[in-house]
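Down below is the structure, laid out as structure tokens.
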Amino acid sequence: MWLRSLILFVGLSNFGLAVLLAEELFPLEAVKTGMMGTGQTVFQGRKVEEFQVEILGVLRNVGPKQSMILARLKGEPLDKTGVIAGMSGSPIYLDGKLAGAVAFTFPFSKEPIAGIRPIVEMINQDKKGLHQSTPDETTLAVFASSLIGEGSELLGADLPTSPPPVFSGEAKLIPIVTPVNLAGFSSRTLDVFGSRLQELGLEPVQGIAGGRLGESHPDEEKLRPGSMISVALIRGDFEMSAAGTVTYISGRRLYAFGHPFLSSGSVELPFSAAEVVTLVPNLSNSFKISESGSLLGTIVNDHAGGLTGIVGQMPSLTSVRLRLKWNRGIEDYSFELVQDRLLTPYLLQMALFSSIDATHRRIGASTLRIRGKARFGEGLPPLLLDNVFSEPTNTALSAATSTSSVLYHVLLNKNITLEEIDLAIEADDHEKWAEIDRVWTDKVSARIGETVELFVALRGADGKEYIESLQYRIPKGILPGVYYLTFTNAEVVNRMERKNFLGLRRTKEPAQLINALNRSRQNDRLYIRMWRPEAAFRVNTEALPSLPASVATILASAASGGSLSQDWRSVPVELKLHPGLGVIRGNVTTQVNIQP
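Quick look at the structure:
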């Protein structure tokens, strides 16, 4: 019965598309060289204007079951500007019927020649995309390798790149660059993150803040094919939104852009009406500067044929409250982020960097203390975002990257709702750190039950030496032998711990992973790890050090994956000191012999 119903549904869907083809859409097979048509887009304000189109031909099989209509655009201002970034999605009509959307162009072309995505392909790609619940895992690869001390400082290191060109070489037809308006961000944010955005096929533009948080007036905004829309990634005191054009509206369903935005599959991105402030002619790439209006709906699919949205459907967003305290006062920021496993941490990184960069010193040493929580749905515990950062330069980027990276690991889990983030940042114009210089113990050998005093000499940022000590009683149950005592910092310990459990699929149970990350060491603490080179085991995030030989043999045969893993460094004891000198650096090891 269900199969018969499915066949009937598919049949009705295809019948509906056939009716559309006959009544509203121009079939690709009927497109001929030399045909004349019209296009619609916005050049100024919100007024949809017409331009002329001459069909140059049809490029068939330019991609898997994909064709492209090649056309010359005519009329002012296109004769001077060429194809304009922000025109993506502009509808093209032949004989009064919709043929497709302006979507591709030749870079540095002397004439406004564009590739037009057939409208039927946009609709068909949307239907295929309805069954994709998450982005392709290969395309949206892990991009926060910096968390374990490897890879790029920027979280977006392995985000998907821009869609591939239709042809290779010099004469390549590429997706029209998407202008992304950045409002509220410091100018240096564009310098630091701009190249990465360009690799995604986005052109960062210093923009104008538009609709405020919570504003939505779907009935007051009259969308039509050719209207400009703005697809937001960040809204509020910071705004980051991509500008494009509406191609087609069927009921509440909207089609736009004609090419992918971020190739993210099923998404939940807010879109607003947009107003063109001005056109900027450019030798390499002319673009529109636009301003976002009120919230109109949600983009639900980012597919090969473009974007699909639902008018009137409001998105779920993550609210962020940030307070930055520095020597000249207090600044409060409030903004919203889209909920996306990969994008959200990257966007938070940009906002954190910009808030610090705009109010705190850019050059010279500084120290930043961050305290906060990320709260989730599904009854999960909050994620603690507490740490201290101090660098001779670029402390803002270090703090923003580290804070966002921790969040990234939690969001890798599917079906997690990040509801809100609260952060408080205290900024100091001085470097606060201490480096481990030398370590020793009051005895080189001790029996179980005896007390050993541990000493560490630290060299502070002021050049002075500070001595710290800690008494440790050798506990019952510890195995006798020679142990290493490593006096180290949070970065080293966190890197070792996360390598041990982040690769295990079963450890990514959200609550368990959050609790493990909440145990992350803080940069202003000094950690003393007593260890020796022997087989050690871990069940998910819990260590099982110094096991009897018989138990270790059994576990070694079972540690081939899943929740059980094996390491060759047993750490039965970890101690910590809080010298109060700022960020701890360095790593020094000594030994102690424990006797029965």
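Residue 12 is where the sequence shown starts when you use the numbering used here, and the numbers rise one by one after that.
We put the CB at the ideal spot given by N, CA and C, even for glycine.
- Counting only runs of 4+ residues, no alpha helix (DSSP H) is found wholly inside the region 446 to 504.
- At the C-beta level, GLY383 and ALA435 come within 8 Å of one another.
- Within the same chain, Cβ atoms closer than 8 Å to the Cβ of LEU358 are found at LEU244, ILE245, MET251, LEU348, VAL349, the five residues on either side in sequence being excluded.
- The three-state reading of DSSP puts VAL584 in strand, counting E and B together.
- Contact between LEU588 and ARG536 holds: their C-beta atoms lie close to 7 Å from each other, under 8 Å.
- Under the DSSP assignment, MET361 falls in the alpha helix (DSSP H) whose first and last residues are 354 to 370.
- For ASP313, DSSP records a beta bridge to GLY276, LEU318.
- When rounded, the separation of the alpha-carbon atoms in LEU307 and GLY593 is 48 Å.
- With contacts defined by Cβ atoms closer than 8 Å, ASN598 and THR497 form a contacting pair.
- The DSSP-derived three-state label of ASP248 is coil.
- It is roughly 50 Å from the alpha-carbon of GLU60 to the alpha-carbon of PRO393.
- Taking the Cα positions, LEU528 is about 11 Å away from SER416.
- Approximately 7 Å separates the beta-carbon atoms of LEU280 and PRO326; this is inside 8 Å, confirming the contact.
- LYS139 carries a helical assignment under DSSP once its states are collapsed to helix, strand and coil.
- Residue state for ASP433 is assigned as strand, using DSSP reduced to three classes.
- When only Cα atoms are considered, ALA369 and ASP439 end up about 14 Å apart.
- Secondary structure note for PRO215: it is in no alpha helix (DSSP H), and the uninterrupted beta strand (DSSP E) holding it is 213 to 217.
- In the DSSP secondary-structure assignment, VAL291 is bridged to PHE298.
- Around ALA114, the same chain offers SER99, GLY100, ALA125, GLY126, ILE127, ARG128, PRO186, ILE187, PHE268, GLY269, HIS270, GLY317 as residues with beta carbons nearer than 8 Å, after the five sequence neighbours per side are excluded.
- Residue nearest to SER480 within the set GLU87, THR452, ALA472, TYR494 is THR452 (criterion: CA-CA distance).
- Shown here, SER305 sits in a strand according to DSSP, grouped into three states.
- Shortest Cα-Cα distance from ARG83 to any of LEU586, SER120, LYS299 involves SER120.
- By the neighbour-count definition (other C-beta atoms within 10 Å, threshold 16), GLU214 is a buried residue.
- Between the region 78 to 96 and the region 61 to 68, the count of C-beta pairs closer than 8 Å reaches three or more; the two stretches touch.
- DSSP, reduced to helix, strand and coil, places ILE130 within a helical segment of the structure shown.
- For SER206, the secondary structure class from DSSP, reduced to helix, strand or coil, is helix.
- Secondary structure note for ILE539: its beta strand (DSSP E) is the uninterrupted segment 537 to 543.
- Residues HIS314 of the same chain have their beta carbon placed closer than 8 Å to that of LYS139, with the five preceding and five following residues left out of the count.
- Sorting GLU286, VAL131, GLY97, ALA376 by C-alpha distance to the C-alpha of ALA254 places GLY97 at the top.
- The beta carbon of PRO118 is closer than 8 Å to those of LYS183, ILE185, SER295, ASN296 in its chain, skipping five residues each way along the sequence.
- Sequence-distant Cβ neighbours of GLN324 in its own chain, meaning closer than 6 Å and more than five residues away, are GLY308, THR309.
- A direct Cα-to-Cα measurement between SER198 and ILE432 gives close to 25 Å.
- Spanning the alpha carbons of PRO292 and ARG207 requires a straight line of approximately 23 Å.
- Approximately 19 Å separates the beta-carbon atoms of ALA376 and PRO590; this is outside 8 Å, ruling out the contact.
- Taking every protein chain shown into account, the CB of ASP202 has fewer than 16 other CB atoms within 10 angstroms, so this residue is exposed.
- Excluding its 5 nearest sequence neighbours in each direction, SER345 has C-beta neighbours in its own chain below 8 Å: LEU224, GLY247, ASP248, SER330, VAL331, ARG332, LEU333, listed in chain order.
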